[in-house]
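K.L.:
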Amino acid sequence: MRKTFAMLGSAAALVLTLATTSAQAAQTAPAAGYDRCPAGSFCIFDGANGTGTIAWFRTGSPDLRGQSMDNRTSSYWNRTNDAFALYDGYNYGGSCWSVFTHEPSNLTGRYPEWDNRFSSLTKSACG
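With the working numbering, the residue at position 39 of the sequence shown is 43, and numbering never jumps.
#1: Identify the continuous beta strand (DSSP E) that holds THR49 and give its terminal residues.
#2: How about VAL103 and LEU111: are their beta carbons less than 8 Å apart?
#3: Drop a sphere of 10 angstroms on the beta-carbon of ASN82, count the other beta-carbons inside from all chains shown, and report buried for 16 or more, exposed for fewer.
#4: Would DSSP call ALA36 helix, strand or coil?
#5: Under three-state DSSP, which class holds GLY134?
#6: When the Cα atoms are used, what is the spatial distance from THR126 to SER45?
#7: Using three-state DSSP, classify ASN82 as helix, strand or coil.
#8: Restricting to Cα atoms, I'd like to know which of SER72, SER79, ALA129, THR63 is closest to ALA52.
#9: Can you tell me which of the three DSSP states GLY64 falls into?
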């Protein structure tokens, strides 16, 4: 009888341990804002401070419509060691904005003339 009771006690302890571990894992919050940008990527966001829709790049895109980000960039973060160039035309045409900084940055407020303006981007500086 004691043996059966001890086995039930061990099973209950195992269930309690699994429940506690699961509860701790569920409390881990997903990345938010700029923190969603993967290391080694250039990220653009359609909201200020890295909020809203995100698209990230290793080389670029000749047409941001493919990422549903055409004329929607309001903030960015360059997490690469390279410059990126953003263009207000498709296929790297039109006016160009070079990003060298590795700090997250907003276009809203600081550079309002560039907010929601880009249609393509590539890994290089404006030439």
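Ideal Cβ positions, reconstructed from N, Cα and C, are used throughout, including at glycine.
P.N.:
So, to answer that:
#1: Taking the first residue of the sequence shown as position 1, residue 49 is located at position 45. Thr is not the amino acid found at residue 49; the sequence shown has Phe there. PHE49 -> beta strand (DSSP E) spans 46-49.
#2: Position 99 of the sequence shown holds residue 103. Position 107 of the sequence shown holds residue 111. Judged by their CB atoms, VAL103 and LEU111 are not nearer to each other than the 8 Å cut-off.
#3: Position 78 of the sequence shown, counted from the first residue, corresponds to residue 82. Around the CB of ASN82, 16 or more other CB atoms lie within 10 Å, so the residue is classed as buried.
#4: As a first step, residue 36 is located in the sequence shown; it is residue number 32 there, counting from the start. Coil.
#5: The structure shown does not extend to residue 134, since the chain is modelled only from 5 through 131, so no value can be given for it.
#6: Residue numbering aside, residue 126 sits at position 122 when the sequence shown is read from its first letter. Residue numbering aside, residue 45 sits at position 41 when the sequence shown is read from its first letter. Rounded to whole angstroms, the gap between the alpha carbons of THR126 and SER45 is 12 Å.
#7: Counting from 1 along the sequence shown, the entry for residue 82 is found at position 78. The three-state secondary structure of ASN82, taken from DSSP, is strand.
#8: Start at 1 with the first residue of the sequence shown, and residue 52 comes out as number 48. Looking at SER72, SER79, ALA129, THR63, the one whose alpha-carbon comes closest to that of ALA52 is SER79.
#9: In the sequence shown, residue 64 corresponds to position 60, counting from 1. GLY64: strand per DSSP, three-state reduction.
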